[in-house]
Every structure is written in structure tokens, then in C-alpha cells.
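J.:
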Amino acid sequence: MYDKILIRFGELSLKGKNKMFFINKLVTNIQNICNIKFENIDIQIDRIFIPFSEENLNSLNYVFGISSFSPVIKSKTNLEVWKNIVLNLELNQYSTFKMNCRRKWKNFHMDSLELNNHFGSIILKNFSKLKVDVKNPDIELNIEIHKDYSYIFWKKYIGLGGLPVGSSGKALHLLSGGIDSPVAAFEMMKRGVKLYFLSFISPPHTDEMTIKKIKLIIEELNKYQSKSTLFLFNYTDLMNYIGLVSNQSYKIVLMRRSFYRNATIIANQKNCLAISNGENLGQVASQTMEAMKTIHSQTNLPVFQPLLTKDKLETIKQSEKLNLFNISIIKACETCELFAPNNPATKPTETTASNLEQELDMLLELEKKSIEKNIEKLHFKILK
Ligand code: ATP
Ligand code: MG
């Protein structure tokens with residue numbers, strides 16, 4: 064029944080001079096996520112049209128930068144044609160309606176009010192159960208009139224909002240198989256950031272399931288950016304070496320500092336301007352302010368923490384909504400959990416951390432070797 068999908072992009076139309084940059088990103092993302100050709104996309108000043116299909120309708124739920132979208136019928140600009148379409152709609156399932164006719168072409172011989180009255184009375188005559196309710200109708204029937212053609216629509220789906228992925232630049236996201244970092248990735252993408260993913264694993268302590276979980280999470284997150292790369296960093300040698308340190312309560316801090324040194328090198332290779340993670344202030348020993356200061360000092364890139372202030376319950380709810388929760392709770396061994404000392408330092412200092420690193424005199428050498436040899440790169444595309 065439908066011909067097209069009308070896509071509205073709210074916030075983006077406020078972008079002034081940069082508007083075209085954002086819209087071009089949005090169009091490219093729609094192309095990639097819905098898998099449609101550029102020539103099938105109709106770009107207008109304040110909206111975009113793509114061909115209708117149920118798959119396209121569903122895929123738009125994964126495109127950031129869209130405020131809402133509606134499946135539309137494209138028809139001739141002609142009263143009789145519209146009447147036929149309206150009479151064929153299954154309006155009896157509703158109790159109340161509202162007509163909303165808008166003339167984009169002002170030369171049409173009836174104005175909006177006349178058109179609303181005209182179609183309002185046609186509906187009242189033909190659908191005995193329906194009543195008019197202009198404030199809170201069950202269905203709002205829209206006819207948008209252009210010179211040669213018009214659009215009829217009545218459904219409006221709310222889009223994801225945010226900014227088109229890629230419009231804010233790139234970041235390297237530290238991804239574990241837990242609940243937080245996947246949700247944090249969604250939040251970063253929502254603000255227009257294209258993400259690369261980095262996961263540290265330590266086989267044989269971490270198992271196949273650890274990797275499988277990470278892959279499943281990226282497959283889900285990749286729906287929002289259509290292509291993703293995962294750097295899978297085999298961290299076993301480094302973990303074992305750091306484990307030799309004299310002050311065991313600093314193990315996690317030292318490991319995290321090493322994560323950030325390595326992440327910075329990979330981020331720079333990929334022109335990422337930031338590192339992002341799933342940290343949450345005060346959640347665990349390594350997420351106190353002291354720990355964050357001591358850990359983040361190892362990178363000169365900004366560290367973005369979209370979940371910093373969220374309550375865990377909020378994050379869990381969001382994780383469920385994003386179909387991530389059931390993956391995150393699959394049992395698997397995580398690098399950090401394996402390595403956690405009984406009494407982790409909650410107020411680590413930079414001085415103690417770097418003194419302990421002096422003790423581990425081969426650390427930097429080993430990091431250099433690992434980054435050359437122990438990284439596997441995996442590419443993800445949308446599965447159709
Ligand atoms: P998550 O639920 O994301 O695992 P968490 O609540 O378990 O987070 P931590 O273990 O302290 O918290 O990890 C804090 C952040 O550090 C994670 O959100 C993630 O961004 C990063 N991180 C932790 N472990 C790894 C890992 N093995 N590989 C990559 N990043 C990691
Ligand atoms: Mg974790």
C-alpha cells in the first residue's frame with residue numbers, strides 16, 4: 064500500500080552552515096544501514112524519502128540523526144484520487160480522528176481548512192463509528208499537497224535522535240563483555256561518534272565464550288554504524304608479567320594504565336580523537352576518582368565516559384532495551400575479574416604506580432612487542 068518512507072531529521076535542521084555536512088552523513092548512513100542505492104534516495108530541504116519496505120522501516124530504527132519517520136502513499140494531486148485512498152483505509156478500527164491537510168503548493172484551489180472540512184465530512188459519512196477529536200485523536204490523517212503529487216500518511220514512528228554516526232569524528236572504545244561498555248558504545252554513537260573497538264583477552268584464562276560474547280555484542284552495535292573493526296588484543300603475556308609486581312593491590316591499576324598506553328597507540332593509528340569506556344564513578348575500586356586520575360594519565364587523548372553518572376539500574380534497563388543484556392550476562396571469564404586482587408587499591412597514586420612500573424623493567428618492551436604481534440583485527444558488516 065505504501066510507496067515511500069518520509070524521514071524527518073529535527074535537530075539537524077538547526078545546524079546552520081554545517082547542515083549539509085550532517086545531512087550528507089545521514090544519507091550515507093541510511094544508504095549503508097538500509098542497504099539502498101543513492102539514486103533511490105530523494106533528499107529535500109528538511110526531509111528525505113526512501114522506498115518503502117518493511118525491512119527499510121525496521122532498519123531506520125538503527126539510524127541516528129532521525130527525529131521521526133512515516134510510511135507514505137504517494138498520489139496524484141487530485142481530490143477524487145485522495146478520496147478513493149481515504150475510503151480504502153481501514154479506519155473502523157479507530158474511534159476518533161483528526162484531518163491534517165497541508166498545502167506546500169499554495170495554488171491548490173482549496174485551503175487547509177476547507178480541505179480538512181471536506182475530508183472530515185467524507186470520513187464521518189462513510190465510517191459511522193468515527194468521531195472527530197482534534198486534541199487527542201486515535202489517528203491523525205495527513206495529506207500533504209505538492210503541485211504534481213501529494214503524500215498521505217497517518218503513522219509516525221519516533222526515531223533515535225542524536226547525530227549521524229561519523230559526524231562527530233572517531234573514537235576507540237574499550238569493550239569488555241560486561242553490561243556497561245556496550246551501553247556506553249551506544250551512547251557514543253548517538254552523539255555521532257564512529258567507534259573502533261578494542262578488547263583485551265587473556266587466553267587460556269579467558270575462553271572461547273569471552274570472544275564469542277564480544278563478537279555478538281559488536282554485531283548488535285554494528286547495526287548503528289554498518290561497519291566496525293575490533294582489535295582483539297591478546298594480553299596474556301602482559302597480564303602474567305604485571306602479576307609479578309610486589310604490591311598486589313596495584314595489579315588492576317597497573318593493568319589499566321597499560322590498557323590506556325596501548326589504546327592510545329591504536330587510536331592514533333586510526334585517527335581517533337578520543338578513547339571511550341563504560342566507567343561509572345564509584346562503581347568498583349578501579350572507578351574511584353583517584354583510580355581514574357592514575358589510570359587516565361597514561362593517555363593524552365580525552366577519555367569519554369558516557370555512563371559516568373548513571374545508576375546501574377538505568378544502565379541495565381537500557382541494556383535490555385538494546386537487546387544487549389542477554390548477551391552481557393552469558394557466563395564467561397573476563398580478563399579483569401581473573402586478575403583482581405583481594406584488596407584492590409581504591410586510592411592509588413601516580414607516584415606509587417610509576418614506582419611499581421619501574422620494578423617491572425621489561426613492561427614497556429613487552430607492550431611494544433604485544434602491540435606488534437598480539438593483535439587480531441576483525442571486521443564486521445551488517446548481517447542481512
Ligand atoms: P563493563 O560492564 O563494561 O565490563 P565494569 O562495570 O565491569 O564495566 P570495569 O571492569 O572496571 O567495569 O571496567 C571499566 C571499563 O574498562 C569497561 O567499561 C571497559 O570500557 C573497560 N574494560 C574493562 N575490561 C576490559 C577489557 N578486557 N577489554 C577492553 N576494555 C575493558
Ligand atoms: Mg566488566
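The letter at position 30 of the sequence shown is residue 93 when you use the working numbering, and the numbering goes up by one with no holes. The C-beta atom is built at its ideal place from N, Cα and C for all residues, glycine as well.
1) When DSSP builds the beta bridges, which residues end up paired with Met464?
2) Strictly under 9 Å for the Cβ-Cβ distance: is Ser349 near chain D by that measure?
3) Using C-beta distances below 7 Å, list every residue in its chain close to Ala330, excluding the 5 sequence neighbours before and after it, in chain order.
4) Any residues whose CB sits closer than 5 Å to a heavy atom of the ligand MG? List them in chain order?
5) Can you find at least 3 beta carbon pairs, one from the stretch 347 to 361 and one from the stretch 233 to 250, that sit closer than 8 Å?
6) Would Thr362 and Asn343 qualify as a contact pair, given that the criterion is a beta-carbon distance under 9 Å?
7) Select from Leu69, Gly79, Asn81, Phe84 the residue whose C-alpha is nearest the C-alpha of Asn103.
8) State the DSSP-derived secondary structure class of Leu223, mapped to helix, strand or coil.
9) In the DSSP assignment, what residue or residues form a beta bridge with Phe84?
10) Looking at the ligand ATP, does it come within less than 8 Å of Pro245, judged from the CB to the closest heavy atom?
11) For a test of the three-state rule: what should DSSP assign to Glu439, helix, strand or coil?
12) Is the number of C-beta pairs between the stretch 419 to 438 and the stretch 315 to 322 that are closer than 8 Å three or more?
13) With Lys290 as the anchor, note down where its beta strand (DSSP E) starts and where it stops.
14) Quick one: is Trp168 buried, meaning 16 or more other Cβ sit within 10 Å of its Cβ, or exposed?
15) To the nearest angstrom, report how far apart Gly255 and Leu261 are at their CA atoms.
16) Thinking C-beta only, is Tyr65 closer than 9 Å to Ser138?
17) Could you check if Glu342 belongs to the surroundings of the ligand ATP, using beta carbon to heavy atom distance under 8 Å?
18) Tell me whether the beta-carbon of Tyr287 lies closer than 9 Å to the beta-carbon of Ile96.
19) With respect to 8 Å, is the separation between the Cβ of His397 and the closest non-hydrogen atom of the ligand ATP below this value?
20) By alpha-carbon positions, which one of Asn340, Phe294, Leu284, His359 ends up nearest to Ser321?
21) Tell me whether the stretch 126 to 136 and the stretch 200 to 218 touch, counting them as touching only if at least three CB pairs, one residue from each stretch, are closer than 8 Å.
22) If I measure Cβ to Cβ from Lys401 and keep anything under 6 Å in the same chain, skipping five residues before and after, which residues do I get?
23) If contact is defined by three or more beta carbon pairs under 8 Å, each pair taking one atom from either stretch, is the stretch 181 to 198 in contact with the stretch 81 to 89?
24) What ranges does the alpha helix (DSSP H) occupy inside the stretch 357 to 436, keeping only unbroken runs of at least 4 residues that lie completely in it?
25) Going by C-alpha distance, which of Phe72, His209, Pro114, Pro404 is nearest Ser309?
26) Give me the Cα-Cα distance between Glu397 and Ser239, rounded to the nearest whole angstrom.
27) Within the present structure, is the beta-carbon of Phe249 separated from the nearest heavy atom of the ligand ATP by less than 8 Å?
28) Roughly how far, in whole angstroms, is the beta-carbon of Ala416 from the beta-carbon of Thr357, given that I think they are within contact range, below 8 Å?
29) How about Ile111 and Asp105: are their beta carbons less than 9 Å apart?
30) Inspect the beta-carbon positions of Phe443 and Lys253 and report whether they are closer than 9 Å.
T.: A quick look at the data gives this:
1) For the chain, the structure presents residues 64 to 447; residue 464 sits outside this window and is missing.
2) Among the chains in the structure shown there is no chain D, since it carries only a single protein chain.
3) Counting from one through the sequence shown, the residue named residue 330 turns up at place 267. Correct list, in chain order: Leu235, Ile338, Leu364.
4) Ser239, Gly241
5) no
6) Within the sequence shown, numbered from 1, the residue matching residue 362 stands at position 299. Within the sequence shown, numbered from 1, the residue matching residue 343 stands at position 280. No, they are not a contact pair.
7) For the purposes of this step, residue 103 is taken as residue 40 along the sequence shown, with counting starting at 1. Asn103 has its Cα closest to that of Leu69, out of Leu69, Gly79, Asn81, Phe84.
8) Here the question's residue 223 lines up with position 160 in the sequence shown. Strand.
9) Here residue 84 refers to the residue found at position 21 when the sequence shown is read from its first residue. Answer by DSSP bridge pairing: none, since Phe84 is not bridged.
10) Here residue 245 refers to the residue found at position 182 when the sequence shown is read from its first residue. Checking the Cβ of Pro245 against the ligand ATP gives yes.
11) For the purposes of this step, residue 439 is taken as residue 376 along the sequence shown, with counting starting at 1. It is a strand residue.
12) yes
13) Position 227 of the sequence shown, counted from the start, is the residue given in the question as residue 290. Residues 290 to 297.
14) To locate residue 168, count along the sequence shown from 1; it is residue 105. The residue is exposed, with fewer than 16 neighbouring Cβ atoms inside 10 Å.
15) Numbered from 1 along the sequence shown, position 192 holds the residue referred to as residue 255. Numbered from 1 along the sequence shown, position 198 holds the residue referred to as residue 261. Cα to Cα, Gly255 sits roughly 19 Å from Leu261.
16) Position 75 of the sequence shown, counted from the start, is the residue given in the question as residue 138. Position 2 of the sequence shown, counted from the start, is the residue given in the question as residue 65. Cβ distance not < 9 Å, so Ser138 and Tyr65 don't count as in contact.
17) Counted from its first residue, the sequence shown places residue 342 at position 279. Checking the Cβ of Glu342 against the ligand ATP gives yes.
18) To locate residue 287, count along the sequence shown from 1; it is residue 224. To locate residue 96, count along the sequence shown from 1; it is residue 33. Contact flag set, yes.
19) Position 334 of the sequence shown, counting from 1, holds the residue named residue 397. The question names His, but residue 397 is Glu in the sequence shown. Checking every heavy atom of the ligand ATP against the Cβ of Glu397, one is found closer than 8 Å.
20) Residue 321 sits at position 258 when you count from the first residue of the sequence shown. Minimum Cα distance to Ser321 is reached at His359.
21) yes
22) Within the sequence shown, residue 401 is the residue found at index 338, counting from 1. The amino acid at residue 401 is misidentified as Lys; the sequence shows Leu. Answer for Leu401: His268, listed in chain order.
23) no
24) 375 to 384, 388 to 391, 398 to 402, 413 to 422, 426 to 436
25) As a working note, residue 309 is residue 246 in the sequence shown. Nearest option by C-alpha distance: Pro404.
26) Counting from one through the sequence shown, the residue named residue 397 turns up at place 334. Counting from one through the sequence shown, the residue named residue 239 turns up at place 176. Each residue's alpha carbon lies about 8 Å from the other.
27) Translated into the one-based positions of the sequence shown, residue 249 becomes position 186. Answer for Phe249: no, Cβ out of range of the ligand ATP.
28) Locating residue 416 in the sequence shown gives position 353, where the first residue counts as 1. Locating residue 357 in the sequence shown gives position 294, where the first residue counts as 1. Confirmed, about 5 Å.
29) Locating residue 111 in the sequence shown gives position 48, where the first residue counts as 1. Locating residue 105 in the sequence shown gives position 42, where the first residue counts as 1. Contact flag set, yes.
30) Locating residue 443 in the sequence shown gives position 380, counting from the first residue. Locating residue 253 in the sequence shown gives position 190, counting from the first residue. Their beta carbons are not under 9 Å apart, which means Phe443 does not touch Lys253 by this criterion.
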